[in-house]
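Plus 49 on top of the position in the sequence shown (first one is 1) and you've got the numbering used here.
Take a look at the structure set out below.
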Amino acid sequence: MKVAFFDVHRFERKSFDAANQRIGHEIVYFEPRLTAETAKLAANFPVICAFVNDRLNEATLEILKKEGAQLIALRSAGFNHVDLVAAQKLGLKVVRVPAYSPHAVAEHAVTLLLALNRKIIRANSRVRELNFSLEGLVGFDLCGKTVGILGTGRIGSIMATIMKGFGCQVLAYDVFPNPELTALGVKYVTLTELYSRSDIISLHVPLNETTHHMINEKSLAQMKSGVFLINTGRGRLIDTKALIASLKNGHLGAAGLDVYEEEENIFFQDLSESGLQDDILARLLTFPNVLITSHQAFLTQEALNKIAEVTLENISSFERNEELTNEVKASSI
Ligand code: NAI
50 MKVAFFDVHR FERKSFDAAN QRIGHEIVYF EPRLTAETAK LAANFPVICA
100 FVNDRLNEAT LEILKKEGAQ LIALRSAGFN HVDLVAAQKL GLKVVRVPAY
150 SPHAVAEHAV TLLLALNRKI IRANSRVREL NFSLEGLVGF DLCGKTVGIL
200 GTGRIGSIMA TIMKGFGCQV LAYDVFPNPE LTALGVKYVT LTELYSRSDI
250 ISLHVPLNET THHMINEKSL AQMKSGVFLI NTGRGRLIDT KALIASLKNG
300 HLGAAGLDVY EEEENIFFQD LSESGLQDDI LARLLTFPNV LITSHQAFLT
350 QEALNKIAEV TLENISSFER NEELTNEVKA SSI
């Protein structure tokens, strides 16, 4: 089928080209992000392939539909950037890649935690300037600490298992507790208990109406002083202004962020020459105890290969009029 790819990056093209040699869709790669302004590029393409920072709101979807789209194939697990109600109303099917490598994301969450705790970035810059002093580099043993995992689906459950391996006590909160984790010694508790007992909190819930800004002034105040917060979920799980306030008054010990509320026009782009217009992100970047990566938790070769294969297979299933096992509907929210 003719597929219009939006927000295409060099790092993913190799995997898609390789997978498509076997599958044989007619792919056209577009660099711009998909918005109502760029949607017309996809005129006469029955399939639109979108990424996490494309804006699939009602206005964009209406244009896509008018231009002949039938299927939105997301090359991501998250689908919070799609107005599923509007898609359904317009008769547009939406498919996604539910699990490509939950290990990639959980391992990145651990990477952020370890780098922050042992001050690796700071230590590395110092050593490169031939400053071999250890002042200001004191971390803590992870073994024996309490880790709170918010959301124990595919990624959160791997995170819980890894942290168990470090000798941590793992607390969890999920609307659907996982008995396999309970058997491993993970303890499901209330949100209030998780906030008040955890030394480290890692976010792995999807973004939806109930989880939007769940980390806010009130929840931060319930957390232990010095808590480390890791977010590889979605930026809007955190009220960034409240996060900054908590960093400023020293309550929050550190924040490791792979996602940011307003990342849409920033992440995945090289702004090194044009500069940063976002004052909130600019403020976040001034804290020595904040580590930010640009939504790269998924970025392993294994994950990229799987994303390519599943995305193209999702499109093939649609072409063959088969049942769409990876379809997301408004009722999935
Ligand atoms: P999943 O669907 O397997 O797990 C999500 C878990 O959250 C489920 O167990 C669900 O019951 C729970 N949950 C949902 N709403 C909740 C609520 N209000 N309170 C408590 N628990 C709730 O999803 P998966 O694959 O583990 O991914 C989690 C999130 O990670 C995705 O939604 C996506 O936003 C993010 N992600 C980030 C990536 C990155 O590169 N930074 C890559 C892939 C996913």
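Here a beta-carbon is modelled for each residue, glycine too, at the ideal position from N, C-alpha and C.
Computed from a prediction, not measured in an experiment: that's the story for all the values here.
### Message
Quick check: LEU161 and LEU340, are their CB atoms within less than 8 Å of each other?
### Response
Yes, the pair counts as a contact, with Cβ atoms nearer than the cut-off.
### Query
Going by alpha carbons, who is nearest to GLY234 out of ILE249, ALA209, ARG175, LEU141?
That would be ALA209, whose Cα lies nearest to the Cα of GLY234.
#### Entry: Cutoff 7 Å; reference ASP327; Cβ partners in own chain excluding five residues on either side
GLU311, ILE315.
### Query
Regarding VAL377 and the ligand NAI, is the C-beta to nearest heavy atom distance less than 7 Å?
Outside the cutoff, so no.
### Query
Applying the criterion that 16 or more other CB atoms from any shown protein chain within 10 Å of the CB defines a buried residue, is GLY324 buried or exposed?
When all chains shown are included, GLY324 counts as exposed.
### Query
I think ALA85 touches ALA108, with their Cβ atoms under 8 Å apart; what is that distance to the nearest whole Å?
In this structure ALA85 touches ALA108 by the C-beta definition: roughly 4 Å separates them, less than 8 Å.
### Task
Mark LEU301 as exposed unless 16 or more other C-beta atoms lie within 10 angstroms of its C-beta, in which case mark it buried.
When all chains shown are included, LEU301 counts as buried.
### Query
Shortest alpha-carbon distance to ILE207 belongs to which of ARG246, HIS152, PHE181, PHE215?
Ranking the options by Cα distance to ILE207, first place goes to HIS152.
#### Entry: Same chain, Cβ closer than 8 Å to ARG167, five either side skipped, listed in chain order
Cβ within range, chain order: LEU186, GLY188.
### Task
If I'm right that LEU110 touches LEU139 with Cβ under 8 Å, what's the distance once you round it to whole angstroms?
The pair is a contact, with the Cβ atoms about 6 Å apart (cut-off 8 Å).
### Query
Can you tell me whether PHE181 is buried or exposed, with buried defined as 16 or more other CB within 10 angstroms of its CB?
Label assigned to PHE181: exposed.
#### Entry: ASN375 - DSSP class collapsed to helix/strand/coil
In this structure, ASN375 counts as coil in the three-state DSSP scheme.
### Beta carbon of ASP319 nearer than 8 Å to that of VAL276
At a Cβ-Cβ threshold of 8 Å, ASP319 and VAL276 do not count as neighbours.
### Query
Which residues bound the alpha helix (DSSP H) around LYS89?
Boundaries cannot be given for LYS89, as no alpha helix (DSSP H) includes it and DSSP labels it neither H nor E.
### DSSP state of LEU70 mapped onto helix, strand, coil
Looking at the sequence shown, residue 70 is not Leu but Gln. Here GLN70 sits in helix by DSSP.
### Message
Need the endpoints of the alpha helix (DSSP H) that GLN137 sits in, please.
### Response
Per DSSP, GLN137 is one residue of the alpha helix (DSSP H) stretching across 133 to 139.
### Query
So what does DSSP say about TYR244, is it helix, strand or coil?
In the structure shown, the three-state DSSP call for TYR244 is helix.
### Message
Whole angstroms are fine: how far does the CA of GLN350 sit from the CA of MET263?
### Response
Each residue's alpha carbon lies about 32 Å from the other.
### Message
By the three-class DSSP mapping on this structure, what secondary structure does GLU75 have?
### Response
DSSP, read as helix, strand or coil, puts GLU75 in strand.
### Query
Is any heavy atom of the ligand NAI found at a distance shorter than 7 Å from the C-beta of LEU233?
False, no ligand heavy atom lies under 7 Å from that Cβ.
### Task
Check whether the Cβ of HIS58 lies closer than 7 Å to any heavy atom of the ligand NAI, and answer yes or no.
HIS58: no, Cβ never under 7 Å from the ligand NAI.
### Own chain residues within Cβ distance below 7 Å of ALA379, not counting five before or after
Excluding residues within five positions, the ones whose Cβ falls inside 7 Å are LEU133, VAL134, GLN137.
#### Entry: Endpoints, the beta strand (DSSP E) within which PHE277 is located
Where PHE277 is concerned, the enclosing beta strand (DSSP E) stretches over 276 to 280.
### Query
Between the Cα of PRO147 and the Cα atoms of PHE79, GLN70, GLU358, GLU258, which residue gives the shortest distance?
If we check each option's Cα against that of PRO147, GLU358 comes out closest.
#### Entry: Nearest residue (CA-CA) to VAL224, options THR259, ALA331, GLY214
Checked all of THR259, ALA331, GLY214; the closest Cα to VAL224 is THR259.
### Query
Would the C-beta of GLY284 count as close to the ligand NAI, meaning under 7 Å from any of its heavy atoms?
The nearest non-hydrogen atom of the ligand NAI is 7 Å or more from the C-beta of GLY284.
### Message
Tell me whether ALA209, by its Cβ, gets closer than 7 Å to a heavy atom of the ligand NAI.
### Response
Relative to the ligand NAI, the beta carbon of ALA209 is positioned no closer than 7 Å to any heavy atom.
### Query
Looking at SER245 and LYS273, is the spacing between their C-beta atoms short of 8 Å?
A contact, by the Cβ cut-off of 8 Å.
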